[in-house]
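Visitor: Input: one structure, supplied below.
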Ligand code: NDP
């Protein structure tokens, strides 16, 4: 079968699309014929070797996939069933979705929800699931569309694009933060009502600035998140899921203790099954049909290495869908 294989030589990651024997697949009780996968931020770090995502080589990357069950020893799944997988360390420490076949633990799989097929599920992918979990975190914090404006940072990436489409479809007034002027038309198509330059969030910030946002979804971290926190309204809620700008958070306690701001972390990798099922159901229901044309670029397995470099060079918009077979 064809796979994207990562190997390591002298500490350097080498990526190549190659044939491997199916007997090389790792242990697991369900084998899936993979039809679709994607390139997420973490995949790009793994494929290019720019992030320490993978500890054991050789590894097949791909933190998510959708396909058809080939063989199952798990009674919850049967041959021919359409399934999807995101997270659980697949593509990091267990061979992942950038391969014609994957063998995994049945606990990690979900049936594809009504209203989606494998292609749509992977246009959404881990990035879109994370966006939905962020929206749910804002709702848990008490936000409603009448509560005020919502800010989305890293807006033209996979998570940011889906967050804008979801929030806009739910009736929120969304302001996008983007480092690229070239993406403004795209962000407006997705539903952003206003767009602010990233540079407005990367300079020095006072501990408290003018109150502007009822909610925020941050995919960037670092100074951008610190600036967002300083601009939150009283009772504001921030869902933080990403580190595209860095892992630090140079902030103060002031937004929390004087404005009652809530900072909610969001993880999709080991999120419990009930939460994922709810999130996928809502994604299938809320995202408008146009989203699937607007927010994805499709590449074959042979195009994944180039796509990974493009993503890290901030050269694409939305989510990269991989047609595996
Ligand atoms: P993408 O690369 O698709 O998008 C990231 C966006 O961030 C870019 O499009 C760009 O948007 C902006 N950006 C890029 N570089 C920088 C920079 N140096 N400083 C500030 N902004 C930057 O990634 P994803 O959307 O897939 O993922 C976003 C983040 O969320 C990543 O850090 C990823 O690891 C994380 N993530 C976390 C998950 C979780 O479970 N917690 C799951 C999935 C992703 P623009 O050009 O519009 O400014």
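In this note's numbering, the protein residues as written are 1 to 325.
All C-beta atoms in this analysis are idealised placements derived from N, C-alpha and C, irrespective of residue type, glycine included.
Bear in mind the structure is a predicted one, so any value in this text is a computation, not a measurement.
Apart from the five residues just before and just after residue 80, which ones in its own chain have a Cβ nearer than 7 Å to its Cβ?
Guide: One-based indexing of the chain shown puts residue 80 at position 80. 68, 69.
Visitor: Between residue 20 and residue 5, how many whole angstroms is the CB-CB distance? I'm expecting something under 8 Å.
Guide: Sequence index remark: in the chain shown, residue 20 carries index 20 (1-based). Sequence index remark: in the chain shown, residue 5 carries index 5 (1-based). Yes, they are in contact, since the Cβ atoms of residue 20 and residue 5 sit about 7 Å apart, within 8 Å.
Visitor: So does residue 326 have its beta carbon nearer than 6 Å to some heavy atom of ligand 1?
Guide: Because the chain in this structure spans residues 1 to 325, residue 326 falls outside the shown range and cannot be described.
Visitor: Can the beta-carbon of residue 224 be found closer than 7 Å to that of residue 304?
Guide: On the chain shown, position 224 is the one that residue 224 refers to. On the chain shown, position 304 is the one that residue 304 refers to. Against a cut-off of 7 Å, the Cβ pair of residue 304 and residue 224 comes out as no contact.
Visitor: Whose C-beta lies closer than 7 Å to the C-beta of residue 206 among residues of the same chain, with five residues either side of it excluded?
Guide: On the chain shown, residue 206 is found 206 positions in, with the first residue counted as 1. Result list for residue 206: 230, in chain order.
Visitor: Would DSSP call residue 156 helix, strand or coil?
Guide: On the chain shown, position 156 is the one that residue 156 refers to. DSSP places residue 156 in coil when its eight states are reduced to three.
Visitor: Distance check for residue 142 and residue 66, CA to CA, integer angstroms please.
Guide: The count along the chain shown starts at 1 and reaches residue 66 at position 66. The count along the chain shown starts at 1 and reaches residue 142 at position 142. When rounded, the distance between both Cα atoms is 33 Å.
Visitor: Can you name the start and end residues of the alpha helix (DSSP H) that residue 120 belongs to?
Guide: As a working note, residue 120 is residue 120 in the chain shown. Per DSSP, residue 120 belongs to the alpha helix (DSSP H) from 118-140.
Visitor: Decide if residue 260 is buried, meaning its Cβ has at least 16 other Cβ atoms within 10 Å, or exposed.
Guide: Residue numbering aside, residue 260 sits at position 260 when the chain shown is read from its first letter. Label assigned to residue 260: exposed.
Visitor: Going along the chain, which residues of its own chain have a beta-carbon closer than 6 Å to the beta-carbon of residue 271, five neighbours each way excluded?
Guide: If you number the chain shown from 1, residue 271 lands on position 271. Taken in chain order, the list of residues that qualify is empty.
Visitor: Report yes or no: do the segment 203-219 and the segment 231-239 share at least 3 C-beta pairs separated by less than 8 Å?
Guide: Touching, yes, given that three or more Cβ pairs across the two stretches are closer than 8 Å.
Visitor: Kindly indicate which three-state DSSP category residue 109 falls into: helix, strand or coil?
Guide: As a working mapping, residue 109 is identified with position 109 in the chain shown. Reduced to three states, the DSSP call for residue 109 is strand.
Visitor: Can you find a heavy atom of ligand 1 that lies under 6 Å from the Cβ of residue 156?
Guide: For the purposes of this step, residue 156 is identified with residue 156 of the chain shown, where counting begins at 1. Residue 156: yes, Cβ under 6 Å from ligand 1.
Visitor: Give me, in chain order, the residues of the same chain whose beta-carbon lies closer than 6 Å to that of residue 8; leave out the 5 immediate sequence neighbours on both sides.
Guide: Indexing the chain shown from 1 puts residue 8 at position 8. The answer, listed in chain order, is 57.
Visitor: Which residue from 186, 101, 144 puts its Cα closest to that of residue 360?
Guide: No statement about residue 360 is possible, as the shown extent of the chain runs from 1 to 325 and does not include it.
Visitor: Report yes if the C-beta distance between residue 302 and residue 17 is below 7 Å; otherwise report no.
Guide: Taking the chain shown and counting its residues from 1, the one referred to as residue 302 is at position 302. Taking the chain shown and counting its residues from 1, the one referred to as residue 17 is at position 17. Yes.
Visitor: Residues bridged to residue 319 by DSSP?
Guide: For the purposes of this step, residue 319 is taken as residue 319 along the chain shown, with counting starting at 1. In the DSSP output, where bridge partners are listed per residue, residue 319 has 296.
Visitor: On the three-pair Cβ rule with 8 Å, is the segment 28-44 touching the segment 92-109?
Guide: Yes: at least three Cβ pairs fall under 8 Å.
Visitor: What is the rounded straight-line gap between the Cα of residue 281 and the Cα of residue 82?
Guide: In the chain shown, residue 281 corresponds to position 281, counting from 1. In the chain shown, residue 82 corresponds to position 82, counting from 1. Each residue's Cα considered, the two are about 15 Å apart.
Visitor: According to DSSP, simplified to helix, strand and coil, what is residue 165?
Guide: In the chain shown, counting from the first residue as 1, residue 165 sits at position 165. Reduced to three states, the DSSP call for residue 165 is helix.
Visitor: Please state if the CB of residue 122 and the CB of residue 279 are separated by a distance shorter than 7 Å.
Guide: On the chain shown, position 279 is the one that residue 279 refers to. On the chain shown, position 122 is the one that residue 122 refers to. For residue 279 and residue 122, no; Cβs fall outside 7 Å.
Visitor: Going by beta-carbon coordinates alone, are residue 39 and residue 258 separated by less than 7 Å?
Guide: Here residue 39 corresponds to residue number 39 of the chain shown, with the count starting at 1. Here residue 258 corresponds to residue number 258 of the chain shown, with the count starting at 1. No, the Cβ-Cβ distance between residue 39 and residue 258 is not below 7 Å.
Visitor: What's the gap between the Cα of residue 211 and the Cα of residue 227?
Guide: In the chain shown, the residue the question calls residue 211 occupies position 211. In the chain shown, the residue the question calls residue 227 occupies position 227. When rounded, the distance between both Cα atoms is 11 Å.
Visitor: Grouping DSSP H, G and I as helix and E and B as strand, with all else coil, what is residue 254?
Guide: Here residue 254 refers to the residue found at position 254 when the chain shown is read from its first residue. Reduced to three states, the DSSP call for residue 254 is helix.
Visitor: Assess contact between the segment 248-257 and the segment 185-202, defined as three or more Cβ pairs (one per stretch) separated by less than 8 Å. Is contact present?
Guide: Contact between the segment 248-257 and the segment 185-202 is absent, because fewer than three Cβ pairs lie under 8 Å.
Visitor: By alpha-carbon positions, which one of 196, 84, 97, 202 ends up nearest to residue 248?
Guide: Here residue 248 refers to the residue found at position 248 of the chain shown. The shortest Cα separation from residue 248 among 196, 84, 97, 202 belongs to 202.
Visitor: Taking a contact to mean a Cβ-Cβ separation below 7 Å, would you say residue 60 touches residue 3 in this structure?
Guide: As a first step, residue 60 must be located in the chain shown, where it is residue number 60. As a first step, residue 3 must be located in the chain shown, where it is residue number 3. Going by C-beta atoms, residue 60 is nearer than 7 Å to residue 3.
Visitor: Assuming residue 311 is part of the beta strand (DSSP E), what are its boundary residues?
Guide: Stepping through the chain shown from its first residue, residue 311 is reached at position 311. It is not in any beta strand (DSSP E) - residue 311 instead sits in the alpha helix (DSSP H) that spans 304-312.
Visitor: Can the beta-carbon of residue 338 be found less than 7 Å from the beta-carbon of residue 318?
Guide: The requested residue 338 does not occur in the structure, where the chain is confined to residues 1 to 325.
Visitor: Quick one: using the 10 Å Cβ neighbour count with 16 as the cut-off for buried, is residue 309 buried or exposed?
Guide: What you label residue 309 is simply residue 309 of the chain shown in a count that begins at 1. Its Cβ having fewer than 16 others within 10 Å, residue 309 is exposed.
Visitor: For ligand 1, any of its heavy atoms closer than 6 Å to the Cβ of residue 186?
Guide: Your numbering for residue 186 matches position 186 in the chain shown. No; taking the cut-off as 6 Å, the Cβ of residue 186 has no heavy atom of ligand 1 nearer than that.
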